[in-house]
Amino acid sequence: MFDLKDLYQEVIVDHNRSPRNFGRLDNADRVAEGFNPLCGDRLNLYLKLDDGRISDISFDGNGCAISVASASLMTDALKGKTLGEAETMFNDFHQLLTDDKPHDIQRVEHLGKLAALLGVKHYPTRVKCATLCWHTLHSALEDNKTPVSTE
Amino acid sequence: MNSKNIAPDITSSSILDVDAIRADFPILRQKIHGKPLVYLDNAATAQKPEQVIKTLDNYYREYNANIHRGIHTLSQKATEAYEGARVKVQHFINASSIKEIIFVRGTTEGINLVAQSYGRTRLKRGDEIIISEMEHHSNIVPWQLLCEQTGAVLKVIPMNDAGELIMEEFEKLLGKKTRLVSVGHISNALGTINPIEKIIKMSHAYNAVALIDGAQAVSHIAIDVQALDCDFYVFSGHKLFGPTGIGVVYGKQSLLEDMPPYQGGGDMIKMVTLEKTLFNDLPYKFEAGTPHIAGVIGLGAAIDYVSDIGLENIAAYEHGLTAYAISAASGVTGLRLIGTARDKASILSFIMDGIHPHDIGTILDHEGIAIRTGHHCAMPVMEHFQVPATARASFSFYNKREEIDQLIQGLEKCKKVFK
């Protein structure tokens, strides 16, 4: 049986309690809004871009431990990355959470701390909580003005 | 209301033989994550007793046939059972005639039927419809659609911070332009029992018709539509221990007679030529197409089951259970009840400091406890209390105090995970 501790790992509990990069970013180049109508989670993502790189990133909003920790970990992981690298990370993360195949160790290692969220895979109803911020990022990178919805 | 003042009613635990009742519900015997299932999501849907399951099984095995037009034996048998269930519903809510009982898919379809058939033909630009701030989306959206179609205006009775309707404000909203008032009997998000007798009376004083959304009430309170004098009363079978996909619209015969059909098709006609159709009599005028025959017969079995236990007994038992739950929850540090109305039934909506309802739901599920988390299709209620979501435990007569103790232990566990 799957243990609850694998879902609520220390990293996740910690990032939920004290989310990194939390708050509005003044003069953001890109802003995107994500929404999960199922649970009412709302998330705003703020990005500063500098020569094809994410020079600064932050988020605010309201959500469950998984969605807050995921956004916190994501913003930490993306700071300083190029847009291409961010896109690759999005694809890797999304694929690892949604496909049925066993995890490719190399790709998991490449994700670093984000791997703490892979336990979500065993909770189909919660996968959307972990991916909301990533979909919102995707929308921000595409400069899409309509809010992202998980439904 | 200070919920700590409600003393758990010790005597109520002996009103029902809960162990015997539980034995009727096969699903309650299973384990979830290795723990006995504690089912506290009854406001979403109630579990089904063996009697209902067997009735459905028996229909499909022994006399599955289409109703009303068949002359063969099975069709007659199916028709008898189907129409027999209508009589059961009639007696269950004390309607004066079977002509007033219309089968639909559920409460949502029922409200849409009234909005489209009654509302669309009677309402015009500037007319007013009154709902309340605590309605389920299914008692908001059909009226918004109707307003768009007719130019009518939607007015909303506000509630106070206990989750009770502010009746003085309702009085102010009523006026010459009020045509229709539609409120829930019991709020699904808060558990508030609304003073519907008063609401109906006040609506009638302004010549407005009153619709009561009984989705959350029929399994907890005995309904007498004649005593209430409501114009429409709508409910679902699945919250009443019956199958999903079946519900009831009660409407006063005088109103239903004048309403046009909601949908066209077979069974709702007397005669069809390519030029013109003569509609069938009540209640068939509103039942186009082959209905959910098994669902109706199953609903009849569910009504028999509930009636055998007796809604008075159920209400008394659940009153004690709810008081016990409120008192126990009040002892959990960091827990805030959402909805503390004086008149409250079988629903415990709450939030916890620093723990999102979604996480509460997952952790409790690991303990075998099923609750609901989210906005409960009542987003305006969430907005009123400035919360994105709540956790909601909802009870039925097969729930025991031990299960509430388990819920409380589960909540303590949630705190441990996030400490």
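From first to last, the protein sequence lines are chains E and H. Residue numbers for the first sequence, in the numbering used here: 183 to 333. Residue numbers for the second sequence, in the numbering used here: 10 to 428. Glycine included, each C-beta is placed from N, C-alpha and C at the ideal position. Small disclaimer: the values here were computed from a predicted structure and weren't measured.
Would you mind telling me which residues of chain E sit closer than 9 Å to residue i, beta carbon to beta carbon, in chain order?
{"i": "residue 391 (chain H)", "result": "222"}
{"i": "residue 53 (chain H)", "result": "The premise fails here: residue 53 (chain H) is roughly 14 Å from chain E at the closest Cβ pair, so nothing lies under 9 Å."}
Within the 8 Å Cβ cut-off, does residue i reach chain H?
{"i": "residue 247 (chain E)", "result": "yes"}
{"i": "residue 244 (chain E)", "result": "yes"}
{"i": "residue 186 (chain E)", "result": "yes"}
{"i": "residue 305 (chain E)", "result": "yes"}
If you run the structure through DSSP and keep just helix, strand and coil, what is residue i?
{"i": "residue 268 (chain H)", "result": "coil"}
{"i": "residue 194 (chain E)", "result": "helix"}
{"i": "residue 351 (chain H)", "result": "coil"}
{"i": "residue 240 (chain H)", "result": "coil"}
{"i": "residue 14 (chain H)", "result": "Note that residue 14 (chain H) has pLDDT 40, beneath the 50 cutoff, so the model's placement of it is unreliable and no number is given."}
{"i": "residue 240 (chain E)", "result": "strand"}
{"i": "residue 207 (chain H)", "result": "helix"}
{"i": "residue 290 (chain E)", "result": "helix"}
{"i": "residue 302 (chain E)", "result": "helix"}
{"i": "residue 300 (chain H)", "result": "coil"}
{"i": "residue 222 (chain H)", "result": "strand"}
{"i": "residue 231 (chain H)", "result": "coil"}
{"i": "residue 407 (chain H)", "result": "coil"}
{"i": "residue 361 (chain H)", "result": "strand"}
{"i": "residue 394 (chain H)", "result": "coil"}
Determine whether the Cβ of residue i lies closer than 8 Å to any Cβ atom of chain E.
{"i": "residue 372 (chain H)", "result": "yes"}
{"i": "residue 368 (chain H)", "result": "yes"}
{"i": "residue 398 (chain H)", "result": "yes"}
{"i": "residue 365 (chain H)", "result": "yes"}
Decide if residue i is buried, meaning its Cβ has at least 16 other Cβ atoms within 10 Å, or exposed.
{"i": "residue 266 (chain H)", "result": "exposed"}
{"i": "residue 194 (chain E)", "result": "buried"}
{"i": "residue 287 (chain E)", "result": "exposed"}
{"i": "residue 239 (chain E)", "result": "buried"}
{"i": "residue 254 (chain E)", "result": "buried"}
{"i": "residue 318 (chain E)", "result": "buried"}
{"i": "residue 78 (chain H)", "result": "exposed"}
{"i": "residue 280 (chain H)", "result": "exposed"}
{"i": "residue 190 (chain H)", "result": "buried"}
{"i": "residue 83 (chain H)", "result": "exposed"}
{"i": "residue 188 (chain H)", "result": "buried"}
{"i": "residue 148 (chain H)", "result": "buried"}
{"i": "residue 28 (chain H)", "result": "exposed"}
{"i": "residue 133 (chain H)", "result": "exposed"}
{"i": "residue 56 (chain H)", "result": "buried"}
{"i": "residue 173 (chain H)", "result": "buried"}
{"i": "residue 192 (chain E)", "result": "exposed"}
{"i": "residue 315 (chain E)", "result": "buried"}
{"i": "residue 299 (chain E)", "result": "buried"}
{"i": "residue 331 (chain E)", "result": "exposed"}
{"i": "residue 91 (chain H)", "result": "buried"}
{"i": "residue 283 (chain E)", "result": "exposed"}
Could you name the residues of chain H that residue i contacts, counting a contact when the two beta carbons are closer than 8 Å?
{"i": "residue 309 (chain E)", "result": "Chain H residues near residue 309 (chain E): none, gap ~12 Å exceeds 8 Å."}
Starting from the beta carbon of residue i, find every residue of chain E whose beta carbon is closer than 8 Å, and list them in chain order.
{"i": "residue 427 (chain H)", "result": "190, 195, 198, 199 and 247"}
Along chain E, which residues have their Cβ under 7 Å away from the Cβ of residue i?
{"i": "residue 383 (chain H)", "result": "220, 221 and 222"}
{"i": "residue 375 (chain H)", "result": "186"}
Using 8 Å as the threshold, is the segment 117-130 of chain H in touch with the segment 308-325 of chain H, meaning 3 or more CB pairs across them? no
With three or more C-beta pairs closer than 8 Å as the rule, is the segment 136-143 of chain H touching the segment 186-205 of chain H? In short, these stretches touch, since the Cβ pair count reaches three.
Counting Cβ pairs closer than 8 Å, one from the segment 218-226 of chain H and one from the segment 364-373 of chain H, do we hit at least three? no
The segment 238-252 of chain E in contact with the segment 185-203 of chain E per 3-pair CB rule at 8 Å: yes
Mind the definition here: the segment 44-52 of chain H touches the segment 290-299 of chain H only if three or more C-beta pairs lie below 8 Å; say whether that holds. no
Are there three or more Cβ pairs, one per stretch, closer than 8 Å when the segment 271-279 of chain E is compared with the segment 213-225 of chain E? no
Stretch pair the segment 241-248 of chain H + the segment 84-91 of chain H: three plus CB contacts closer than 8 Å: no
When the Cβ atoms of the segment 317-329 of chain H are set against those of the segment 223-234 of chain H, are three or more pairs found closer than 8 Å? yes
With three or more beta-carbon pairs closer than 8 Å as the criterion, would you say the segment 292-307 of chain H touches the segment 58-74 of chain H? yes
Say whether the segment 23-42 of chain H touches the segment 344-364 of chain H, bearing in mind that this needs 3 or more beta-carbon pairs closer than 8 Å, one atom from each stretch. As far as the Cβ criterion goes, the segment 23-42 of chain H does not touch the segment 344-364 of chain H, which means the pair count is below three.
Pairs of beta-carbons, one from the segment 400-409 of chain H and one from the segment 349-359 of chain H, closer than 8 Å: are there three or more? yes
Are there three or more Cβ pairs, one per stretch, closer than 8 Å when the segment 249-257 of chain H is compared with the segment 151-169 of chain H? no
Would the segment 336-353 of chain H and the segment 210-218 of chain E be scored as touching if the rule is three or more Cβ pairs under 8 Å? no
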